[in-house]
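Visitor: Structure provided below as structure tokens; questions to follow.
2 protein chains.
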Amino acid sequence: MNRLTVVKVGGKVVEESKAIDHFLTEFRKISGNKILVHGGGSLATEMASKLGIETKMVEGRRITDAGMLDVAIMVYAGLVNKKIVSGLQAIGCNALGLTGADFGVIRSRLRNHPKIDFGFVGDIEEVNTKELRLLLEEGVTPVMAPLTHDGYGQLLNTNADTIASSLAVELSNLFNVHLVYCFEKQGVLSDPADENSFMPRLSYSKYQELKEENVINSGMIPKLDNGFNALKNGVTEVVITNAQHISSGKGTRLSHDLEK
Amino acid sequence: MNRLTVVKVGGKVVEESKAIDHFLTEFRKISGNKILVHGGGSLATEMASKLGIETKMVEGRRITDAGMLDVAIMVYAGLVNKKIVSGLQAIGCNALGLTGADFGVIRSRLRNHPKIDFGFVGDIEEVNTKELRLLLEEGVTPVMAPLTHDGYGQLLNTNADTIASSLAVELSNLFNVHLVYCFEKQGVLSDPADENSFMPRLSYSKYQELKEENVINSGMIPKLDNGFNALKNGVTEVVITNAQHISSGKGTRLSHDLEK
């Protein structure tokens, strides 16, 4: 099977032009088919604030009301997605920007939480890779914004880490899929205070231990849960690494317990 | 050759959900392959105003500075494009939203005007239909926002009427192309004061006469220039009609002088 690398990037890397350009040059070096899934960093919150739209938080989690959804659509599908696409085109990478609504790639369902109304947030129900496969065969690089649709005309804000792992799993029937989560650190740290303590490998049972000991912080948990889920469901390799070193092969590789 | 209908829509029709939905239901009825090219109506100006970005005009024409370009990207490629795409998906039309940067569909050059610096405005240089053709064959409906790229990473604001005619001409080698420009009136009026005076046919020489007599207003001129240009360059039929009646076949048909 051909190799396909699915890269998730977010945070500071997508917030300003210079960091985006540096990252895209690294991303470009990955050989074979690739898909980029991006977040929006703090740009949506900043734009909402400029527009006088209040960022609502319930129990520490952001709520996507109608105004905030419009901002997310403008920032994620507009500003961030199209700057990445035009930046990739400039360095010879034939990129296509997408949301989950385009081609109907990702259909989701409004989140139904027993206690919190998250607003226009979608949990993934179905991934359709028909057109993606066709385009990957043509050498096109899809660039996914963290938005999906419900199939009834409603766009929904959706976690980019989950989009990346869902696409990786769905495409693992056809490709040898490598999933790469980028963030600011070198990998998963065994000592949060020591930047150089990153673990080259992390097994699921070790991950559970580190979670219980509170060594792994809450921001990493969705990435790791999605990563281990992908590994269990057919993805060949999952790596957590620094956004500036994705082509180097460094970072933390998730491993099955058998290999620990 | 298979039939392909390229529809350009803008103005009030794209400004609010109810009008968009009504239009999309009409658009959906068109049989065969189709492409939708949209403008942004006054939404970009409104959003710029909310963000405190001044709309600069020189000699009656809008200037796209860096701030206004970001607004155009957010509104055209984000808000308007993705609402159309999710709306079409909801009624069974497999839409894909695009700008000229995606797939490198439309490369343009920064406008070089002897007197006015229009800012980030692009004039079309090259149309690449490779991936579009592939997707049209798969039954996908491309939805184009009025933005292009220069091939060096810069997005540029580009006239939607011109995008529609350029795509129509380029695809006329492979398809029997019908180009439809939608606006608020029933067609081209011979008496601007009389809504019912629309001409079922308009030849190029008659158009020149009406322009000299100032019967045709300035807003219609780019549509008609683009339309006659398309007709001369291989497009089968060009119609100017009301956005709510596109599937009815009504409106003004442009004709070669031979047929007048």
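These protein sequence lines are chains E and L, in that order. So the first sequence is residues 427 to 686, counted in the working numbering. So the second sequence is residues 427 to 686, counted in the working numbering. We put the CB at the ideal spot given by N, CA and C, even for glycine. This one's a predicted model, so the numbers in the text were calculated from it and none came from an experiment.
When the Cα atoms are used, what is the spatial distance from E:K438 to E:G467?
Guide: If you number the first sequence from 1, residue 438 of chain E lands on position 12. If you number the first sequence from 1, residue 467 of chain E lands on position 41. Going from the Cα of E:K438 to the Cα of E:G467 covers about 6 Å.
Visitor: Since L:E663 sits in a beta bridge, which residues does DSSP pair it with?
Guide: Translated into the one-based positions of the second sequence, residue 663 of chain L becomes position 237. L:E663 pairs with L:H604.
Visitor: What whole-angstrom Cβ distance do E:V709 and E:V440 have, given they're in contact under 8 Å?
Guide: No statement about residue 709 of chain E is possible, as the shown extent of chain E runs from 427 to 686 and does not include it.
Visitor: At what residues does the beta strand (DSSP E) containing E:V432 begin and finish?
Guide: Along the first sequence, one-based indexing puts residue 432 of chain E at 6. That run of the beta strand (DSSP E) goes N428 to V435.
Visitor: Tell me, which residues are paired with E:N718 by DSSP?
Guide: The requested residue 718 of chain E is not part of the displayed model; chain E covers only 427 to 686.
Visitor: So, are the CB atoms of L:T555 and L:L573 less than 8 Å apart?
Guide: Position 129 of the second sequence, counting from 1, holds the residue named residue 555 of chain L. Position 147 of the second sequence, counting from 1, holds the residue named residue 573 of chain L. No, the Cβ-Cβ distance between L:T555 and L:L573 is not below 8 Å.
Visitor: Could you tell me whether any Cβ in chain L is nearer than 8 Å to the Cβ of E:D528?
Guide: If you number the first sequence from 1, residue 528 of chain E lands on position 102. Yes, because at least one Cβ of chain L sits closer than 8 Å to the Cβ of E:D528.
Visitor: For the beta strand (DSSP E) containing L:S629, name the first residue and the last one.
Guide: The sequence position of residue 629 of chain L within the second sequence is 203, counting from 1. Segment R627 to S629, the beta strand (DSSP E) holding L:S629.
Visitor: Listed from N- to C-terminal order along the chain, which residues in the region 486–512 of chain E have their beta-carbon within a distance smaller than 8 Å of any beta-carbon of chain L?
Guide: Correct list: D496, I499, M500, V501, Y502, A503, G504, L505, N507, K508, K509, V511 and S512.
Visitor: Apply the 10 Å Cβ neighbour rule to L:L430 and answer buried if 16 or more other Cβ atoms are within range, or exposed otherwise.
Guide: The residue given as residue 430 of chain L occupies position 4 in the second sequence. Buried, because 16 or more other Cβ atoms sit within 10 Å of the Cβ of L:L430.
Visitor: Return no unless some Cβ of chain E is closer than 8 Å to the Cβ of L:G436.
Guide: On the second sequence, residue 436 of chain L is found 10 positions in, with the first residue counted as 1. Not closer than 8 Å to any Cβ of chain E, the Cβ of L:G436 fails to qualify, so no.
Visitor: Determine which residues share a DSSP beta bridge with L:K482 and list them.
Guide: Within the second sequence, the letter at position 56 stands for residue 482 of chain L. In the DSSP output, where bridge partners are listed per residue, L:K482 has L:I489.
Visitor: Would L:K476 count as contacting chain E if we go by Cβ distances under 8 Å?
Guide: Walking along the second sequence from the start, residue 476 of chain L turns up at place 50. Chain E contact via Cβ: present.
Visitor: Expressed to the nearest angstrom, what Euclidean distance is found between the alpha-carbon atoms of E:E621 and L:T567?
Guide: Here the question's residue 621 of chain E lines up with position 195 in the first sequence. Here the question's residue 567 of chain L lines up with position 141 in the second sequence. So the two alpha carbons sit approximately 48 Å from each other.
Visitor: Which residues of chain L have a Cβ atom closer than 7 Å to the Cβ of E:N520, listed in chain order?
Guide: Mapped onto the first sequence, residue 520 of chain E falls at position 94. Ordered by position in chain L, the residues that pass the 7 Å Cβ test against E:N520 are F529 and G530.
Visitor: Taking a Cβ distance cut-off of 8 Å, strictly less, list which residues of the region 569–586 of chain E are near chain L, in chain order.
Guide: Flagged, chain order: L573, H575, G577, Y578, G579, Q580 and L581.
Visitor: Note the first and the last residue of the continuous beta strand (DSSP E) segment covering E:K460.
Guide: Taking the first sequence and counting its residues from 1, the one referred to as residue 460 of chain E is at position 34. From DSSP, the beta strand (DSSP E) with E:K460 extends over N459 to H464.
Visitor: Taking a cut of 9 Å between CB atoms, which residues from the region 551–567 of chain L lie near chain E?
Guide: Correct list: K556, E557, L560, L561, E564 and V566.
Visitor: For L:A516, would you say it is in contact with chain E, using Cβ-to-Cβ distances shorter than 8 Å as the test?
Guide: Position 90 of the second sequence holds residue 516 of chain L. It does: the Cβ of L:A516 has a partner Cβ on chain E nearer than 8 Å.
Visitor: Just the Cα atoms here: how many angstroms apart are E:R627 and E:H682?
Guide: By one-based count along the first sequence, residue 627 of chain E stands at place 201. By one-based count along the first sequence, residue 682 of chain E stands at place 256. C-alpha separation (whole angstroms): 10 Å.
Visitor: Rank E:V614, E:A571, E:V501 and E:G579 by C-alpha distance to the C-alpha of E:L593 and give the top, closest one.
Guide: Here the question's residue 593 of chain E lines up with position 167 in the first sequence. Considering only alpha carbons, the answer is E:A571.
Visitor: Within the same chain, show all residues whose beta-carbon is closer than 6 Å to that of E:I642, passing over the 5 residues directly before and after it, in chain order.
Guide: In the first sequence, residue 642 of chain E corresponds to position 216, counting from 1. Closer than 6 Å at Cβ, skipping near neighbours: L636.
Visitor: Kindly list, in the order they appear in chain B, the residues whose Cβ is closer than 7 Å to that of E:T525.
Guide: Absence of chain B from the displayed structure is noted, the protein chains being E and L.
Visitor: By Cβ distance, which residues of its chain are closer than 6 Å to L:R533, with the 5 residues on each side in sequence left out?
Guide: Start at 1 with the first residue of the second sequence, and residue 533 of chain L comes out as number 107. Contacts found: E551, E552 and G577.
Visitor: Within 10 angstroms of its Cβ, does L:H448 collect 16 or more other Cβ (buried), or is it exposed?
Guide: The residue you call residue 448 of chain L lines up with position 22 of the second sequence. Looking at its Cβ environment, which holds fewer than 16 other Cβ atoms inside 10 Å, L:H448 is exposed.
Visitor: Please report how far the alpha carbon of L:L399 lies from the alpha carbon of L:N520, in whole angstroms.
Guide: Outside the shown range of chain L, which is 427 to 686, sits residue 399 of chain L, and nothing can be said about it.
Visitor: Please name the residue, chosen from L:M500, L:M483, L:G523 and L:L469, that lies closest to L:L462 on a Cα-to-Cα basis.
Guide: Sequence index remark: in the second sequence, residue 462 of chain L carries index 36 (1-based). Nearest C-alpha to L:L462: L:G523.
Visitor: For L:R537, name the three-state secondary structure that DSSP assigns.
Guide: Within the second sequence, numbered from 1, the residue matching residue 537 of chain L stands at position 111. In the structure shown, L:R537 sits in coil (DSSP, three-state: anything other than H, G, I, E or B).
Visitor: Kindly confirm or deny that the region 499–509 of chain L and the region 536–544 of chain L touch, where touching means at least three C-beta pairs closer than 8 Å.
Guide: No, they do not touch.
Visitor: Helix, strand or coil for E:N585 per DSSP?
Guide: Translated into the one-based positions of the first sequence, residue 585 of chain E becomes position 159. Correct three-state label for E:N585: coil.
Visitor: Counting only the same chain and skipping the five closest in sequence on each side, list residues whose C-beta sits under 6 Å from that of E:T471.
Guide: Along the first sequence, read from residue 1 onward, the residue named residue 471 of chain E stands at position 45. If we look at E:T471 and ignore the five residues flanking it on each side, its Cβ neighbours are T481.
Visitor: In angstroms, rounded to a whole number, what distance separates the CA positions of E:I446 and L:D496?
Guide: The residue you call residue 446 of chain E lines up with position 20 of the first sequence. The residue you call residue 496 of chain L lines up with position 70 of the second sequence. So the alpha carbons of these two residues sit roughly 16 Å apart.
Visitor: Taking only three categories from DSSP, how would you classify L:A692?
Guide: No answer is possible for residue 692 of chain L: it lies beyond the span of chain L, which begins at 427 and ends at 686.
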